[in-house]
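*Asks:*
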Amino acid sequence: MCVLLHNYDFCASVLCVFLAKENEMNNQLKFVERQIVEWEAKSKDASENGDFKAFEFAESEIKNYKEMLKIYEQPAT
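All residue numbers for the sequence shown refer to the UniProt record's numbering, where the first residue is 1 and numbers rise by one.
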């Protein structure tokens, strides 16, 4: 999405870049959230099937994605 501000090309360009970056972050955040849900389901399946190796791997993926989520949720500086 791009918004023009009274034909000020520079301001419009800066705003477009900001909105593009914000949208990119939202997409990355949604991806990480989906991965957590997916790996939680895999962890549950592995646990129910007694597959300890798959369970451990799924749990490590959940931990990694939750760490990523913390980074994405931090306010931009």
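All C-beta atoms in this analysis are idealised placements derived from N, C-alpha and C, irrespective of residue type, glycine included.
Predicted, not measured: the structure shown is a model, and the values here were computed from it.
Quick check: Gln-35 and Tyr-65, are their CB atoms within less than 8 angstroms of each other?
*Replies:* Yes, Cβ-Cβ distance for Gln-35 and Tyr-65 is below 8 angstroms.
*Asks:* Can you tell me whether Gln-35 is helix, strand or coil according to DSSP?
*Replies:* Helix at Gln-35.
*Asks:* So, Ser-47 versus Ile-62, is the Cβ gap smaller than 8 angstroms?
*Replies:* Taking 8 angstroms as the Cβ cut-off, Ser-47 and Ile-62 do not qualify as a contacting pair.
*Asks:* Given that a residue counts as buried once 16 or more other Cβ atoms are within 10 Å of its Cβ, and exposed if not, what is Val-37?
*Replies:* The residue in question, Val-37, is exposed, as its Cβ has fewer than 16 Cβ neighbours within 10 Å.
*Asks:* Are the CB atoms of Leu-69 and Glu-40 nearer to each other than 8 angstroms?
*Replies:* Going by C-beta atoms, Leu-69 is not nearer than 8 angstroms to Glu-40.
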